[in-house]
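Q: This note's numbering numbers the first residue of the sequence shown as 1 and each following residue consecutively. Every residue gets a Cβ at the ideal spot worked out from N, C-alpha and C, and that includes glycine.
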Amino acid sequence: MISRHDFEADASGMNILSYLFKSSLGRKYIMAASGLALFAFVIGHLLGNLQIFLAPEVINRYAQFLKDNIELVWGARIGLLGCIALHIWTAISLSADNKAARPVAYADATPPAASMASRTMLMSGLIVFFFILYHLLHFTVQVEWVNGVEKTFHSLKTADGHHDVYSMVVIGFRQPLVALCYVIAVGLLCLHLSHGVGASFQSLGLKNKAWGPVIDTASKVVSFLIFVGYASIPLAVLTGIVGDSVAR
Ligand code: HEM
1 MISRHDFEAD ASGMNILSYL FKSSLGRKYI MAASGLALFA FVIGHLLGNL QIFLAPEVIN
61 RYAQFLKDNI ELVWGARIGL LGCIALHIWT AISLSADNKA ARPVAYADAT PPAASMASRT
121 MLMSGLIVFF FILYHLLHFT VQVEWVNGVE KTFHSLKTAD GHHDVYSMVV IGFRQPLVAL
181 CYVIAVGLLC LHLSHGVGAS FQSLGLKNKA WGPVIDTASK VVSFLIFVGY ASIPLAVLTG
241 IVGDSVAR
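#1: With which residues is K157 paired in a DSSP beta bridge?
#2: Between L94, S118, R77 and A37, which lies nearest to L188 when the distance is taken from Cα to Cα?
#3: Considering just the uninterrupted stretch of the alpha helix (DSSP H) at A101, what are its terminal residues?
#4: To the nearest angstrom, report how far apart L225 and L47 are at their CA atoms.
#5: Rounding to the nearest angstrom, what Cα-Cα distance links A252 and A218 in this structure?
#6: When DSSP labels each residue in this structure, what does T217 get in the three-state scheme?
#7: Taking the alpha carbon of Q142 as the reference point, which residue from S203, V237 and M168 has its own alpha carbon closest?
#8: So, with DSSP's three-state summary, where would you put A209?
#9: Could you tell me which of H163, I92 and V178 sits nearest to P234, measuring between CA atoms?
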């Protein structure tokens, strides 16, 4: 475990910012802090999206609220982009450092106690990154050729002339292949979180013997609930539980 004392002792005499970026300890801190910030976004975004189960007006009002507070949204976007960039850079550079420190791979590179989630962190993280790129094209930029429907999402309007996000999500997830990709992607995201959240607490020195197992179990349970929450949306649309009011 990295203690704050170790960190401060190592960083003494060096510019703290350059220590943070250059040392592997500092990069672990950055990876953990940016990861936890992204985790908070994932929970907030899920709570916003679950409003689709209430009524079309509820989620549309929420989407309109975000559009009306564009400075807030751009602040969050810039923060998110920064966190994503730092998280990916630290993950790749720490993994390259680990490889360089062990030029000859072990015959069996898998430590017996390592979970599947921990062994696949880089892979699940990269797939989630490509999913986010697709997702932005799908629902934020609303590029027609990625949605699998012969229609632009930009033209979907509510009775009062605002963007109809409810219909967009319903029409988007009526495409079984698209819905399936979302379910797989959020599954990988939650596999990533199930190990990453606990590991972040460890890197930040916030885990001790007593609380360590509690944090690890809580991180797995919350990740599973996040999976159920996100996956329930495409599945509810595909099964017709959500979206009755949207014309086929
Ligand atoms: C069932 C799953 C999901 C649904 C229904 C959904 C829905 C949406 C919608 C409707 C938007 C566009 C909001 C608007 O412009 O009005 C959006 C944006 C976004 N979503 Fe999702 N999302 C899902 C999963 C995810 C996941 C798993 C992530 C991240 C890992 C994510 C990250 C984002 C990001 C970064 C944006 C852009 C926010 C912005 O810049 O305004 N979404 N999502």
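A: This is what the structure gives:
#1: Looking at the DSSP assignment, K157 forms a beta bridge with H163.
#2: Out of L94, S118, R77 and A37, S118 has the C-alpha closest to the C-alpha of L188.
#3: Counting along the chain, the unbroken alpha helix (DSSP H) around A101 starts and ends at I70 to A101.
#4: For the pair L225 and L47, the Cα-to-Cα distance works out to about 12 Å.
#5: This structure leaves residue 252 out entirely; the chain is present only between 1 and 248.
#6: In the structure shown, T217 sits in a helix (DSSP, three-state: H, G or I).
#7: That would be M168, whose Cα lies nearest to the Cα of Q142.
#8: Per the sequence presented here, residue 209 reads as Lys, with Ala not at that position. In the structure shown, K209 sits in coil (DSSP, three-state: anything other than H, G, I, E or B).
#9: Among H163, I92 and V178, the Cα nearest to that of P234 belongs to V178.
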